[in-house]
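Protein chains in written order, with the numbering used here: chain A, 1361 to 1697; chain B, 1361 to 1697. Since the structure comes first, as structure tokens, the remarks are kept for the end.
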């Protein structure tokens, strides 16, 4: 049962809309964003989420605000608010800066969007060789079409491998606190007709021990020059578990996710989000409302725990200290595409 | 702010009551159990939970049913239903068998209960040397007074260490799917006036990396002769993470949790529970209602990942192949107490 991919971000005739991902899987609702408040809130509340999708949405948002705001000061302040709406991923700042530096902002945002779709296709092609027939896979969080406003990164590669005849089966971590795995990844996999099984995050270890897992593949929010990778909370632990079980651990991320100015993951800021995310889900409380909470939204996985990184330029392998700087010399994104 | 400990199980004058732990932390409600259906359901639905508390409750339950059921056949069938209400923990079957073999079943159940309280005190005394001053601890699931119908095992040891002046600080895994950490452990720690911080299970790795964790301590449902330990899902992964970070990983469990007939963890049955536990969070749906789910309630941690096991007879250390069989020679529980 394959349906058309969901569109995370849509721009047409001056109208910017986003899929409100907080409502999935119960509702597929497109919402219009007109003002800087609406754009910033959509990003901060994770109505739009996934590093590449945020980049595409921020790019359109800034282009839209350029037309809406006549004062340069007001526009510049608004653009900075969009640029800084989330701190960990590098795509948002990169996309906003690119739009700001362009002559036709709308055209530039559209180019970024088209490039993302091409990049995702190329990542999926590059990843194909990593999947054995009947591959049993663990993934974490959501890296599907709705996370990139394209075909998806890690989940896009999984879906493409299945369409290429590999017959994959996916164990999906629910991904607390916001349950992107349960709400979004399961939804996208079933929509694509792929066998998908949900589990709690802490079942990943026994799954690796007993369920014949062939590989783990997931996305990234920022990658340093040495391969250290910031991604959704839980990624670092999965990488340690994978190493312990001798299971390959892959990251799929476009070149724009690499921060070539950062020598290691030590410098990547880790966003800590609000305690209510952990104390509750969808309004249902677990702990008391004053419970102190530790809620880092991301962690940093050392490069030495990552088997390989899939990019639109092919598979990047250790030693990352050489292969990642080499990637820096390739033109970014769509300049080539 | 220290309050009286919660009572998980209470028996007096022929009336058996249990604290319905599903209602915590919102409500502290004692519920009466009269029939085999009510006793079995309380165990199966986790209204009463924690291996030792289930043992105490099952012991009283069987003693109560002996008085209620005049037919021997009916009583024997009822006792077997109680004995088999949950398969992984060894305490329930052990306590029921002990009551069945006794002449005064009520007195035997009361002895088991009193013994549990003494055992918990001795475990806490034995564990004290494992806690440095200002110890920063990770724990998982709930092993407090309400889990044992006594002082608690691992969480009892943490509380006792704090009362002995160690000033502990505890990072509590929320423990999906049933959130015993968020609902019960946070509640018991705050009730005991101890600093406790809640986190999602998949934040444990970054906490070990960045929050100066001194030790991990948690309970067990069954321990084999070689130290392999069945415990709440997530324990095995935590043990791998602890080894990776060089952090001591302790299990606290009474002698009755050891299965001296089982040579390794390979033979321990792993209960798989219903998919709805994972598809929902505290009653709020996450994934769609037909989503396939992998929901093992326990995992088995190899003995070589466990630094030491705290028992009422002191600290049991590797090589477990020698120290655990030696423990088998000690009298079980209260024969000594």
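Beta carbons: idealized from backbone N, C-alpha and C, even for Gly. If you're wondering where the values come from, they're calculated on a predicted model, not measured in any experiment.
Between residue i and residue j, how many whole angstroms is the CB-CB distance? I'm expecting something under 8 Å.
i, j, result
"residue 1628 (chain A)", "residue 1622 (chain A)", "7 Å"
"residue 1658 (chain B)", "residue 1592 (chain B)", "6 Å"
"residue 1459 (chain B)", "residue 1499 (chain B)", "At roughly 31 Å, the Cβ-Cβ gap does not stay under 8 Å, so residue 1459 (chain B) and residue 1499 (chain B) are not in contact."
"residue 1483 (chain A)", "residue 1517 (chain A)", "6 Å"
"residue 1699 (chain A)", "residue 1441 (chain A)", "Lying outside 1361 to 1697, the shown extent of chain A, residue 1699 (chain A) is not represented and no answer is given."
"residue 1624 (chain A)", "residue 1588 (chain A)", "5 Å"
"residue 1409 (chain A)", "residue 1507 (chain A)", "7 Å"
"residue 1418 (chain B)", "residue 1455 (chain B)", "5 Å"
"residue 1671 (chain B)", "residue 1614 (chain B)", "6 Å"
"residue 1574 (chain B)", "residue 1495 (chain B)", "5 Å"
"residue 1522 (chain A)", "residue 1554 (chain A)", "5 Å"
"residue 1396 (chain B)", "residue 1380 (chain B)", "Not really, about 18 Å apart at Cβ, beyond 8 Å."
Going by DSSP in three states, residue i sits in which element: helix, strand or coil?
i, result
"residue 1539 (chain B)", "coil"
"residue 1591 (chain B)", "strand"
"residue 1641 (chain B)", "strand"
"residue 1435 (chain A)", "helix"
"residue 1417 (chain A)", "helix"
"residue 1668 (chain A)", "strand"
"residue 1615 (chain B)", "helix"
"residue 1633 (chain A)", "coil"
"residue 1654 (chain B)", "coil"
"residue 1466 (chain A)", "helix"
"residue 1627 (chain B)", "helix"
"residue 1695 (chain A)", "At residue 1695 (chain A), the pLDDT of 46 sits below 50, so the modelled position is not reliable and the matter cannot be decided from this model."
"residue 1444 (chain A)", "coil"
"residue 1499 (chain A)", "strand"
"residue 1361 (chain B)", "Low per-residue confidence applies at residue 1361 (chain B): pLDDT is 40, beneath 50, and the placement is therefore not dependable, though the value from the model is reported in the following sentence. Residue 1361 (chain B): coil per DSSP, three-state reduction."
"residue 1483 (chain B)", "helix"
"residue 1565 (chain B)", "helix"
"residue 1408 (chain B)", "coil"
"residue 1451 (chain A)", "helix"
Starting from residue i, find everything on chain A with Cβ-Cβ shorter than 9 Å and list it in chain order.
i, result
"residue 1557 (chain B)", "1651, 1652, 1653 and 1654"
Can you have a look at residue i and say buried or exposed, based on whether 16 or more other CB atoms are within 10 angstroms of its CB?
i, result
"residue 1493 (chain A)", "exposed"
"residue 1430 (chain A)", "exposed"
"residue 1533 (chain A)", "buried"
"residue 1682 (chain B)", "exposed"
"residue 1651 (chain B)", "buried"
"residue 1375 (chain B)", "exposed"
"residue 1463 (chain B)", "exposed"
"residue 1646 (chain A)", "buried"
"residue 1436 (chain A)", "exposed"
"residue 1586 (chain A)", "buried"
"residue 1537 (chain B)", "buried"
"residue 1383 (chain B)", "exposed"
"residue 1423 (chain A)", "buried"
"residue 1405 (chain B)", "exposed"
"residue 1636 (chain B)", "exposed"
"residue 1488 (chain A)", "exposed"
"residue 1451 (chain B)", "buried"
"residue 1695 (chain A)", "Residue placement at residue 1695 (chain A) is flagged as unreliable, the pLDDT there being 46, under the threshold of 50; a coordinate-derived value is accordingly withheld."
"residue 1505 (chain A)", "buried"
"residue 1643 (chain B)", "exposed"
"residue 1599 (chain B)", "buried"
"residue 1432 (chain A)", "exposed"
Please compile the residues from chain B whose C-beta is within a distance smaller than 8 Å of the C-beta of residue i.
i, result
"residue 1567 (chain A)", "1654"
"residue 1659 (chain A)", "1563, 1565, 1566 and 1569"
"residue 1673 (chain A)", "The contacting residues do not exist; residue 1673 (chain A) stays about 30 Å from chain B at best."
"residue 1560 (chain A)", "1536, 1537, 1561, 1593, 1594, 1638 and 1655"
Could you tell me which chain A residues have their CB closer than 7 Å to the CB of residue i, listed as they occur along the chain?
i, result
"residue 1327 (chain B)", "With chain B covering 1361 to 1697 only, the question about residue 1327 (chain B) has no answer from this structure."
"residue 1601 (chain B)", "1597 and 1600"
"residue 1643 (chain B)", "1644"
"residue 1495 (chain B)", "Under the 7 Å cutoff, chain A gives no residues; its nearest Cβ is about 17 Å from residue 1495 (chain B)."
"residue 1542 (chain B)", "1646 and 1647"
Which residues does DSSP pair with residue i in a beta bridge?
i, result
"residue 1459 (chain A)", "According to DSSP, residue 1459 (chain A) bridges with nothing at all."
"residue 1610 (chain B)", "B:1577 and B:1668"
"residue 1375 (chain A)", "A:1372"
"residue 1556 (chain B)", "B:1530"
"residue 1390 (chain B)", "B:1379"
"residue 1675 (chain B)", "B:1670"
"residue 1660 (chain B)", "B:1590"
"residue 1582 (chain B)", "B:1590"
Mind pulling the chain B residues with CB within less than 7 Å of residue i?
i, result
"residue 1604 (chain A)", "1600"
Check the Cβ of residue i against every Cβ in chain A and list those closer than 8 Å, keeping chain order.
i, result
"residue 1648 (chain B)", "1385, 1546, 1547 and 1550"
Members of the region 1370 to 1384 of chain B that neighbour chain D once the beta carbon cut-off is set at 8 Å:
No chain D appears in the structure shown, which is made up of the protein chains A and B.
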